[in-house]
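This report refers to the structure that appears directly beneath it.
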Amino acid sequence: SVGAVPLDNPETWAASAGKPYDAEDILAKLSKSCWPFSVPNPFPAEFGLSTSRGIVSYRVPQALYQAWRIKQLVKGIEHPRILEIGAGLGRTAYYAHELGIKDYTIVDIPMTATAQAYFLGRTLGEAQILLDGESSAGASQMIKICTPQTFMDGEEKYDLIVNIDSLTEMDISTAKDYWQKIKASTKLFLSINHEANPFLVQDLIAEDMPNLDVNRELYWMRRGYVEEVIQTNAL
Numbered sequence: 144s145v146g147a148v149p150l151d152n153p154e155t156w157a158a159s160a161g162k163p164y165d166a167e168d169i170l171a172k173l174s175k176s177c178w179p180f181s182v183p184n185p186f187p188a189e190f191g192l193s194t195s196r197g198i199v200s201y202r203v204p205q206a207l208y209q210a211w212r213i214k215q216l217v218k219g220i221e222h223p224r225i226l227e228i229g230a231g232l233g234r235t236a237y238y239a240h241e242l243g244i245k246d247y248t249i250v251d252i253p254m255t256a257t258a259q260a261y262f263l264g265r266t267l268g269e270a271q272i273l274l275d276g277e278s279s280a281g282a283s284q285m286i287k288i289c290t291p292q293t294f295m296d297g298e299e300k301y302d303l304i305v306n307i308d309s310l311t312e313m314d315i316s317t318a319k320d321y322w323q324k325i326k327a328s329t330k331l332f333l334s335i336n337h338e339a340n341p342f343l344v345q346d347l348i349a350e351d352m353p354n355l356d357v358n359r360e361l362y363w364m365r366r367g368y369v370e371e372v373i374q375t376n377a378l
């Protein structure tokens, strides 16, 4: 996806087949194509590929790509403001931080937010995160973790809002509420979701489609997922 290794071609596989990829070689090539990223493992006995940098779990390359994609989309914006709806453990936020994106907000339910606070607190340090209800003079340089209600009630504006693998997992009425709030809060929305549920992201944005600029393509990192970059400038 980032050009670090050549794309496999099934039509010429016999001619190009060689030894299996070496993990350390791929990490080195990714560092050249992207950045010299770290692989923190604050949770004991994490399952994944053992490397010199740490255990590379299934979610690590996903988060690397997502942070790289975020960096692309806000290129040229000084001190970009990012908001992610549903952030898993916070790995994408972690890698965005490594890429110099400091003003990052996560919206998630309390149970998941607790795991994010632990992961980010252990990896970046407690001074780098701000939990819902806390305040700090340096908030613009911190990763902020808030509840859905705090996001819905707020009036903050963002350069980019991101949702990965959760918008179509919600009740459709909740997803519609999120789309209305997204429109009011940003001009650029990145959605990475599958289309196996009763409704799609396309269904949520259908009424606004005449006023949107939508770039839709297959998601590089996971079969069955669609990456959509939606510009809401005209709304």
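Residues 144 to 378, numbered by our numbering, are exactly what the sequence shown covers, in order.
For every residue, glycine included, the Cβ atom is placed at its ideal position computed from N, Cα and C.
This one's a predicted model, so the numbers in the text were calculated from it and none came from an experiment.
Taking residue 270 as the reference, give the member of 276, 258 and 287 with the closest Cα.
287
Exposed or buried, which one is residue 254 when buried takes at least 16 other CB atoms within 10 Å?
exposed
Please name the residue or residues paired with residue 289 in a DSSP beta bridge.
250
According to the neighbour-count rule (16 or more other Cβ atoms, all chains shown, within 10 Å of its Cβ), is residue 175 buried or exposed?
exposed
Are the CB atoms of residue 301 and residue 212 nearer to each other than 8 Å?
no
Whole-angstrom distance between residue 368 and residue 359, CA atom to CA atom
11 Å
Is the distance from the Cβ of residue 237 to the Cβ of residue 273 below 8 Å?
no
Among 145, 318 and 334, which has the Cα closest to the Cα of residue 110?
The structure shown does not extend to residue 110, since the chain is modelled only from 144 through 378, so no value can be given for it.
Cα-Cα, which of 178, 227 and 171 is closest to residue 333?
227
Beta-carbon spacing of residue 215, residue 364 below 8 Å
no
Contact between the stretch 258–265 and the stretch 229–245 is defined here as three or more beta-carbon pairs at a separation below 8 Å; is this criterion met?
yes
Which whole-angstrom value is the C-beta distance of residue 310 and residue 318, which I expect to be below 8 Å?
5 Å
Throw me the rounded Cβ distance for the residue 283 and residue 314 pair, which I believe falls under 8 Å.
With 8 Å as the limit, residue 283 and residue 314 do not qualify as a contact, their Cβ atoms being about 33 Å apart.
Say whether chain B places a C-beta atom closer than 8 Å to the C-beta of residue 173.
The structure shown contains no chain B; it holds only a single protein chain.
Report the partner residues of residue 356 according to the DSSP bridge assignment.
374
Let me check one thing: in DSSP terms, what residues is residue 332 bridge-paired to?
304 and 373
Under a three-way DSSP split, which group does residue 368 fall into?
strand
Report yes if the C-beta distance between residue 217 and residue 196 is below 8 Å; otherwise report no.
no
In terms of residues, what are the limits of the alpha helix (DSSP H) holding residue 235?
234–241
The beta strand (DSSP E) enclosing residue 225, as first and last residue numbers
224–228
Would you grab the beta carbon distance between residue 324 and residue 295 for me? Rounded to a whole angstrom, and I think it's under 8 Å.
6 Å
Among the residues of its own chain, which have a CB less than 7 Å from the CB of residue 362, if the five just before and after it don't count?
335, 368, 369 and 370
Out of 252, 316 and 322, which one is the CA nearest neighbour of residue 289?
252
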